[in-house]
Every structure is written in C-alpha cells, then in structure tokens.
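*Asks:*
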Amino acid sequence: METTEFAHREATINGIRMHYVEAGDGEPVVFLHGFPESWYSWRHQLRALRGRYRVIAPDQRGYNLTEARGPYDTETLQADILCLLDHLGIDRAHIVGHDWGGVIAWLLAMQHGDRLKSLAVCNLPHPAIFRRRVLRPRQALRSWYVLFFQLPLLPELALSAGGYHRLARRMIRECRPGTFTKEDIREFLAGWRRQGLSGGINWYRALLRHPPRIPDPVPLVTVPTLLIWGDEDRYLGKELTEGTDQFVAKLRVVHLPGVSHWVQQEAADEVNRLLAEHLASVEG
39 METTEFAHRE ATINGIRMHY VEAGDGEPVV FLHGFPESWY SWRHQLRALR GRYRVIAPDQ
99 RGYNLTEARG PYDTETLQAD ILCLLDHLGI DRAHIVGHDW GGVIAWLLAM QHGDRLKSLA
159 VCNLPHPAIF RRRVLRPRQA LRSWYVLFFQ LPLLPELALS AGGYHRLARR MIRECRPGTF
219 TKEDIREFLA GWRRQGLSGG INWYRALLRH PPRIPDPVPL VTVPTLLIWG DEDRYLGKEL
279 TEGTDQFVAK LRVVHLPGVS HWVQQEAADE VNRLLAEHLA SVEG
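According to my numbering, the residues represented by the sequence shown are 39 to 322, in order.
1) From M39 to Y78, what does the alpha carbon distance come to, in whole angstroms?
2) Locate the beta strand (DSSP E) running through H132, then write down its first and last residues.
3) Under 8 angstroms between the Cβ atoms of Y58 and L115?
4) Along the chain, where does the alpha helix (DSSP H) containing V320 start, and where does it finish?
5) Could you name the residues of the same chain whose beta carbon sits closer than 7 angstroms to that of R231, not counting the 5 residues immediately before and after it, in chain order?
6) Let me know if H293 comes out buried or exposed under the rule of 16 or more other beta-carbons within 10 Å of its beta-carbon.
7) Can you tell me which of the three DSSP states W241 falls into?
8) Return the chain-ordered list of same chain residues with a C-beta closer than 7 angstroms to the C-beta of D271, the five sequence neighbours on each side being excluded.
9) The alpha helix (DSSP H) spanning K220 covers which residue range?
10) Would you mind reading off the limits of the beta strand (DSSP E) that contains W267?
11) Spatial neighbours of G72 within its chain, please: CB distance less than 6 angstroms, with the 5 preceding and 5 following residues excluded, ordered by chain position.
12) Using 8 angstroms as the Cβ pair cut-off and three pairs as the minimum, do the stretch 201–217 and the stretch 248–263 touch?
13) Flag this pair as yes or no: are the beta carbons of G275 and V301 separated by less than 8 angstroms?
14) Given a threshold of 16 other Cβ atoms within 10 Å of its Cβ, counted over all protein chains shown, does R176 qualify as buried or as exposed?
15) Consult DSSP for S181 and reduce its assignment to one of helix, strand or coil.
16) If you draw a straight line from the alpha carbon of L313 to that of A158, how long is it in whole angstroms?
17) Looking at the secondary structure, which residues open and close the beta strand (DSSP E) in which T50 lies?
18) Note the first and the last residue of the continuous alpha helix (DSSP H) segment covering F168.
19) In terms of alpha-carbon separation, which member of L70, R92 and N52 lies closest to G64?
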C-alpha cells in the first residue's frame, strides 16, 4: 500500500511532536495502535472506511514518527488523544483501539465518555477485568513479557536483535500466511529503526510504576461498544472477554476463531465489516 494515499501531518500535541495520518470526510473515527506498531497497523481500516468517514490514525507517543519523550503514564497518553481531538476541532469521535491503543480507548470511554460517540476495541480486555485476572496462572504466563520489559536496556537489545528482523518474523509466524506483505514488513522495520522501541517499552514500565487509576465503583461505559477478539491471541486469553457486560451498557462481543492477536491485519475484511456495521448503527 502506498502510504502517500493518506495525508501525513505533524503538530505539537500535548507538548510533543505528533505525526498522524488522515483521509476522508464525515464523522471522525480515531484509530489507536498498540505495541510495537504504528498508524500503519490500521492501513486496511483506513482504506475501507475513508469513503464514509474522516479517518485519523496517530503514531502514539514514542512510536515511529512521533516524538519519544515521557512521561508515559496512562493519564498523559489519554491527554495526548484528547489534545489531538482539540487540535483537529473535534468535540466527539468514534474511538477504535487495539492492544495498548485499546487500553487508552477503554480509559477514555470510562473517564472522558463525553468526547466519544462510540468505542470499538480489538483484543484488549476492559481494564477492570484485566486487573482482576492478570495474576491467574494462565494469564500470568501469557503476560511474562510485562515483567521482562521492566528491566533496563535488555528489552531494547532483545527486540532489536538482527536489525528487528526477529521481531518481524515472530509477527509473521503468529498470523495466517499472507497477512503481511514484503512492503508491510519494510514499513514496520523502518518505523522500529527510526528511534528504536524504547518509547513503546516505556509504556509498560510506566504501567507498573503508575498504574491506571480505575475508580471504585468502576464507571459504566455508556457509549455503544464493540469488542472484537481474535481467539488465538498468544498474549491475552479469550476468557478475558467474559464479564465485560457488567461494565458496559451497550456491548457487542464478536469472537474470530483461528485469528491471532494482530486481528485487524490478519482478518482485515471481517474487522472492516464489523466496524462499518458498528459505526453505521451509531451515526448521527
């Protein structure tokens, strides 16, 4: 995919230089990527939805073409997105998140629901459910890397081994054949090599030092919410979707059997269809 088909922009957002892409007109849909990705992770969705919506996908703090400067706590990461909306003159947006982008999306819906029209999350559980179940043996084993990422320097060295080719091969192995083209891999490698992955790793370091503030009782998410889950996720078990309805007023959960953590890239057509249905149901 030629990335020049989207408008690439930079602006000072919440005190950092942020890069984002946008295309289309209509109601705004903001896509938030996870680790170790970039705006490019949403290429299929941007292309599919730009004919009807104003689609926007930032490189989040510390990734790709956005400045790698802390702090990286979740309050700051939420403020980045709220400031981006302000910069773009958007009062309310549909928010779509995957992985770490899903964390920020959930927290925005819980704490700043007045800025959202709807919420869609791919393969990231509600934060209250994850907090409750992360120490159960099976999920704790899946999440071992969170503790590894607390070490200084070693995670950066491990991920950059072989010029980041090992990391790329791991992503390829976890997905169905054909998920990533050679052009896709070149794009991810270029992003990782621009400034390394310390920025993204620092999100994990801040997670344990400054965990998200979740009020008690947990605020109810009131905007229409779609949770899409690739059931072959190696990092987050599908059982983490159970009980989400107690925290969300209007929830639809869709499981995609045989699909990995990288769901919006591996099952792009299905995710595009589900997002289009979700957005159309809450327009206006």
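Don't be surprised by glycine CBs; every beta carbon is placed ideally from N, CA and C.
*Replies:* Quick answer:
1) At M39 the pLDDT is 46, less than 50, meaning the model places this residue with poor confidence; the figure from the coordinates comes in the next sentence. One C-alpha to the other measures close to 10 angstroms.
2) It spans A131 to H136 - the beta strand (DSSP E) in which H132 sits, taken as one unbroken run.
3) No.
4) A306 to V320
5) Y202
6) exposed
7) helix
8) N161, S298 and H299
9) K220 to Q233
10) T263 to G268
11) H136, D137, W138 and G139
12) The stretch 201–217 makes no contact with the stretch 248–263: fewer than 3 CB pairs, one atom from each, lie closer than 8 angstroms.
13) no
14) exposed
15) coil
16) 8 angstroms
17) Following the DSSP letters along the chain, one finds T50 inside the beta strand (DSSP E) bounded by residues A45 to I51.
18) P165 to R171
19) R92
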